[in-house]
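Protein chains in written order, with the working numbering: chain A, 2 to 128; chain B, 2 to 128; chain C, 2 to 128; chain D, 2 to 128. C-beta atoms are modelled at their ideal positions from N, C-alpha and C, and glycine is treated no differently. Here's the structure we're looking at; comments come further down.
Next up, the structure:
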């Protein structure tokens, strides 16, 4: 049995990473559908929040800092009912205590499904 | 094997429903944790989007209309690492073509974990 | 000539203040209308951001801290074309470094025009 | 006396327009400052909402449709205390009933001050 985290349960896999950029793929299946047979908006946002949080974690010293998602906004533009979706996170602002990410989620044809903004707070572990 | 939807995979269960109000409980476990052992912000938002969407579905004639989540904003305020969380959705605005929901997610002690706003669009199936 | 700030230019006046709560009134006139003769959504949000920022300023030691609006989300629900609107800010979360405010803007009949969420960051002046 | 709209009061001037794109400049002065002498976040958002709304108005038949700002999210990243700021709106999604705009506001050196997302609803006047 899978003893992992939400990311593993949902089948999210990272496919590309560079400084301030992260990409992942997520299946559209039982685990991510809502009852009408469409990708659950919450699954899309979970993918987006995973990407932004991991992206920030790669940019800071995790022995000294915690990385915390603080604010998420998501605009859902299209529905998708099968296959996979791709999430692509790019950092917009890299401050000392705050990161802002844009995360676009697209379908297999490259059409924009949802576009998200995640604010991540970098907290010093001592304070 | 569970052939259900995201909601079932995540263990979300509705506990109370009345017009313009919906409540549910969600376990904090492998399915909803992020790697640091805390509830994944994406799980919280998936719970919130589930509540608002179902809440709207209960208010319209689904044979004539589709109910689509359009815009979500979420502010994460506290972390939680075990037990369950409770999501409570209340409708703020019930227009002909748009619903706005506030969804608060609280821990077992009643402390506010996240507070969310979901815009749902009611689309006539014919148009 | 008025040498004041945006708040004065727009005619915003505070009418009530207590800890974690602030209320103001704003005229709907040339200064706040858009070309269709309706209250400009940007005016509503400026009122909301004024209320949340001032509300936070009243809660911290301004000799030691700066108060900075970081993130605003606003849902516009109704239009208004004359008279005044009332903005009412209530604090949802009062952390050491972050405040979250809900600000509701209503018309003279008490109908909800817009509902907003403002995240304010409290920054130590030394750091 | 200026009998105009909020846009005129604030000194917003359009400088460039093409399909799905609009640019404007706004002075940072008494009309747009908050008490600490910094550009009011609400002024930035009013500029952004002006740009997205006008951008949508240019794309639809205004004799048959109304254009209404429905949802705004703004992330404030930097402060500015003098000169002018530039707002640049680009359409992300152009649906039949909904437009989504990204609006970036930058200072004179091209640094990003705030980044905003505006959802505009296109309403048929008859319905």
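Rounded separation between residue 115 (chain D) and residue 14 (chain B) - CA only:
39 Å
Grouping DSSP H, G and I as helix and E and B as strand, with all else coil, what is residue 37 (chain B)?
Residue 37 (chain B) falls in the coil class under three-state DSSP.
Cβ neighbour criterion (16 or more within 10 Å) applied to residue 111 (chain D)
By the neighbour-count rule (16 or more Cβ atoms within 10 Å), residue 111 (chain D) is not buried but exposed.
Tell me which residues of the region 73-94 of chain A have at least one Cβ-Cβ distance to chain D shorter than 7 Å, keeping chain order.
74, 76, 78, 93, 94
What residues from chain B crowd round residue 10 (chain A), counting only those whose CB sits closer than 9 Å?
10, 11, 31, 32, 33
Nearest to residue 102 (chain C) by alpha carbon, out of C:126, C:72, C:10, C:124?
C:72
Thinking C-beta only, is residue 34 (chain D) closer than 8 Å to residue 41 (chain D)?
yes
Have a look at residue 82 (chain A) and residue 70 (chain A) and give me their C-alpha separation to the nearest angstrom.
28 Å
May I ask you to list the residues that DSSP assigns as paired with residue 13 (chain A)?
According to DSSP, residue 13 (chain A) bridges with nothing at all.
In the DSSP output, which residue or residues are listed as bridge partners for residue 73 (chain C)?
C:119, D:75
At a CB distance below 7 Å, what residues from the region 100-123 of chain D approach chain B? Give them in sequence order.
120
Would you verify that the beta carbon of residue 25 (chain A) is, or is not, closer than 8 Å to some beta carbon of chain B?
no
Taking its Cβ as the centre, do 16 or more other Cβ atoms sit within 10 Å of residue 5 (chain C), making it buried, or is it exposed?
exposed
Are the C-beta of residue 6 (chain A) and some C-beta of chain B separated by less than 8 Å?
yes
Pull up the DSSP beta-bridge partners for residue 18 (chain C), would you.
C:23
Relative to the C-alpha of residue 27 (chain B), which residue among B:97, B:98, B:16, B:64 is closest?
B:16
Measure from the C-beta of residue 50 (chain C) to each C-beta in chain D and report whether the shortest distance is under 8 Å.
yes
Can you grab the Cα-Cα spacing for the pair residue 97 (chain D) / residue 65 (chain A), in whole Å?
When rounded, the distance between both Cα atoms is 49 Å.
Using a Cβ-Cβ cut-off of 8 Å, state whether residue 47 (chain C) counts as contacting chain D.
yes
Strictly under 8 Å for the Cβ-Cβ distance: is residue 18 (chain D) near chain C by that measure?
So, not an interface residue.
Relative to the C-alpha of residue 57 (chain B), which candidate in B:85, B:20, B:125 has its C-alpha closest?
B:20
Could you work out which residue in B:95, B:55, B:38 is closest to residue 43 (chain A) when comparing CA atoms only?
B:55
How should residue 62 (chain A) be labelled, buried or exposed, when 16 other C-beta atoms within 10 angstroms of its C-beta is the threshold for buried?
exposed
Distance, residue 18 (chain C) Cα to residue 99 (chain B) Cα
33 Å
Exposed unless 16 or more other CB atoms sit within 10 angstroms - verdict on residue 50 (chain A)
buried
Name the chain C residues that come within less than 8 Å of residue 70 (chain D), Cβ to Cβ?
42, 77
Evaluate residue 125 (chain A) with the Cβ neighbour count: other Cβ atoms within 10 Å of its Cβ, from every protein chain shown; 16 or more gives buried, anything less gives exposed.
exposed
Close-in-space but distant-in-sequence residues of the same chain around residue 68 (chain B) (CB under 7 Å, 5 per side omitted):
54, 57, 58, 61, 121, 123
Output the distance between the C-alpha atoms of residue 31 (chain C) and residue 38 (chain A), rounded to the nearest integer angstrom.
49 Å
So which of A:46, A:76, A:7, A:105 has the shortest CA-CA distance to residue 23 (chain A)?
A:105
From what residue to what residue does the alpha helix (DSSP H) around residue 50 (chain C) run?
42-58
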